[in-house]
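To keep things clear, I will list the structure first and then write my remarks on it.
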Amino acid sequence: MQISHLALHNFRCYRQIDLDLPPGVSIFVGPNASGKTSLLEAVLVLATSKSPRTTRDRELVYWTASWGSISGQFRGMDTSSPSIRIVLRGAVSGDEQDLPSVLNGAKHIEVNGVRCDSVTELVGQAPAVLFSPDDLQLVKAGPAVRRRFLNTALAQLMPRYLDDLLRYRRALRQRNELLKQMQAGRAMGSDLAPWTSQLVETGSRISGDRQNFIAALGEDAGQLHTTLSDHSEQLTLQYDSVLAGIDDPDEKAEVFREELERSHEQELHRGITVIGPHRDEMAVAIDGYAARQFASQGQQRTAALSLKLAEAQVMQKRRGEPPILLLDDCLSELDAARAAKMVELAGQFEQILITSAGSSSVLRESNYGAWYEITDGRIRPQ
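Going by the numbering used here, the first residue of the sequence shown is number 1361, and it counts up by one from there.
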């Protein structure tokens, strides 16, 4: 997958940008706070509808504007060439007449000129994988960050996964609310039954998808980490869940239901659902030790890079074409040897967008790619 044209209007620091992008490597150089990260963020929003930097869409709009938009023209290996446009309402209250007619809410999404009624119609159309300095949290932070990583990756791979995830979250909210009401004597156990059934149905599928993905991811990430560490370290992943290790879908659903029944007294005491995919963990280890507690900062960064490159590789294998690879200042914290290997490994993808705060010697010596300079919200070819 490639993005051939990107247009931004009132997005972050960009008032108006129309940028043609070539296949292969494009390198964007500029000082900090010049808009480099925002450029990659825009591509990921087109791919997933969400920003990796904020949950508030209004923050994506230029601070004095009442609305902004992102548009991208993509080109796939087959006949698919999706055109995606997202229009966002800003934090500034403007005259309603100034807003685009399509924007009758906080966000408008369209694919090939047709409005999307659900985000499931967008995700997967133009897959992209981003690595940024914040992705160090993939290894350092708690399980919620790794669950979010799994959800984002699997949603781009499997439309059904995103649908299951949305239904699971709705069932979980309703079930937790009923458990609180049962604590207060305002609901009965029978009220839980339909939400428990939906939780089991969707949760067992989510667990199966995660289990298979982590197995594939672990194989590729292990090989990548070995290469990046010059064969000095071994990275392994483990799926930690009450449903781990069960391959048969029907058996997984039955075990989930049994575990919910077994934990019912604890649920009533705490007023929440205590087991399920919302409590899953993807454990990351280096040489058998938990990377979160025992790895150095450099080891954790290499592990995070390996996970992101492996995500892109698994996506390429399953979809039959590589995603767009977005590398946000990923070389600055690596030594020269690991940075060179990173650039070499990334070269397998059809299109890579790289940002750098300075003229990286590793990138210059690679002798490939189109170079651009970013200053004050403007992009100029070098």
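All C-beta atoms, glycine included, are put in the ideal place defined by N, C-alpha and C.
What number of angstroms, rounded off, separates the C-alpha of residue i from the C-alpha of residue j?
i     : j     : result
T1596 : L1588 : 14 Å
Q1708 : I1606 : 34 Å
I1739 : P1383 : 18 Å
H1624 : I1635 : 10 Å
R1445 : G1390 : 27 Å
L1620 : L1517 : 29 Å
V1674 : Q1543 : 45 Å
E1671 : A1515 : 12 Å
A1730 : L1552 : 58 Å
R1527 : Y1649 : 36 Å
G1578 : Y1732 : 35 Å
T1586 : R1535 : 44 Å
F1654 : R1507 : 21 Å
A1547 : E1641 : 32 Å
T1408 : V1644 : 25 Å
Q1711 : K1612 : 39 Å
L1559 : L1482 : 25 Å
P1387 : R1530 : Here residue 1387 turns out to be Ile, not Pro, going by the sequence shown. Approximately 42 Å between the Cα atoms of the pair.
D1477 : P1741 : 38 Å
I1734 : Q1433 : 21 Å
L1723 : E1561 : 48 Å
P1637 : E1618 : 15 Å
R1416 : K1467 : 11 Å
R1639 : R1418 : 30 Å
E1537 : R1679 : 39 Å
L1420 : K1410 : 10 Å
V1703 : T1414 : 28 Å
Y1550 : R1622 : The identity of residue 1550 in the sequence shown is Ser, whereas the question assumes Tyr. When rounded, the distance between both Cα atoms is 16 Å.
Do residue j and residue i count as a contact pair if the criterion is CB distance below 8 Å?
i     : j     : result
P1487 : P1683 : yes
H1369 : G1465 : no
D1647 : Q1594 : yes
G1563 : F1616 : yes
G1450 : S1426 : yes
F1371 : I1430 : yes
D1736 : T1715 : no
Q1659 : A1651 : yes
V1403 : L1713 : yes
D1378 : A1393 : no
G1484 : S1443 : no
L1691 : V1489 : no
L1532 : G1631 : no
V1452 : T1424 : yes
A1717 : L1687 : no
F1573 : A1513 : yes
When burial is assigned at 16 or more other CB atoms within 10 Å of the CB, is residue i buried or exposed?
i     : result
R1475 : exposed
H1629 : exposed
S1398 : buried
H1591 : exposed
V1602 : buried
V1462 : exposed
K1677 : exposed
D1380 : exposed
T1633 : buried
E1627 : buried
D1695 : exposed
G1545 : exposed
D1458 : exposed
P1554 : exposed
E1401 : buried
Ignore the nearest five residues each way along the sequence and tell me which others in residue i's own chain have a CB closer than 7 Å to its CB.
i     : result
T1480 : P1519, L1522, D1523
P1460 : W1427, V1447
D1495 : A1664, K1668
A1604 : Q1571
T1556 : R1535, L1620
R1698 : L1588, T1662
D1580 : A1670, Q1673, V1674
E1681 : M1361, G1436, M1437
A1576 : V1674
N1511 : L1525
K1701 : T1587, L1588
Spell out whether any CB of chain C is found under 8 Å from the CB atom of residue i.
i     : result
I1632 : In the displayed structure, chain C is absent; only one protein chain is listed.
Given residue i, which residues of its chain have a CB within under 8 Å of its CB, disregarding the five upstream and five downstream residues?
i     : result
P1609 : S1564, R1565, G1568
Y1422 : N1370, F1371, R1372, C1373, Y1374, R1375, G1428, G1450
Beta-carbon within less than 6 Å of residue i's beta-carbon, same chain only, minus the 5 sequence neighbours each way: which residues are those?
i     : result
R1435 : Q1362, S1364, S1441
D1600 : E1641, A1643
L1328 : The structure shown does not extend to residue 1328, since the chain is modelled only from 1361 through 1742, so no value can be given for it.
Q1598 : A1643
E1693 : R1661
- Message: Taking 8 Å as the cut-off, does the region 1499-1516 touch the region 1654-1668 (at least 3 CB pairs, one atom from each stretch)?
- Response: By the C-beta criterion, the region 1654-1668 is judged to be in contact with the region 1499-1516, since at least 3 inter-stretch pairs fall below 8 Å.
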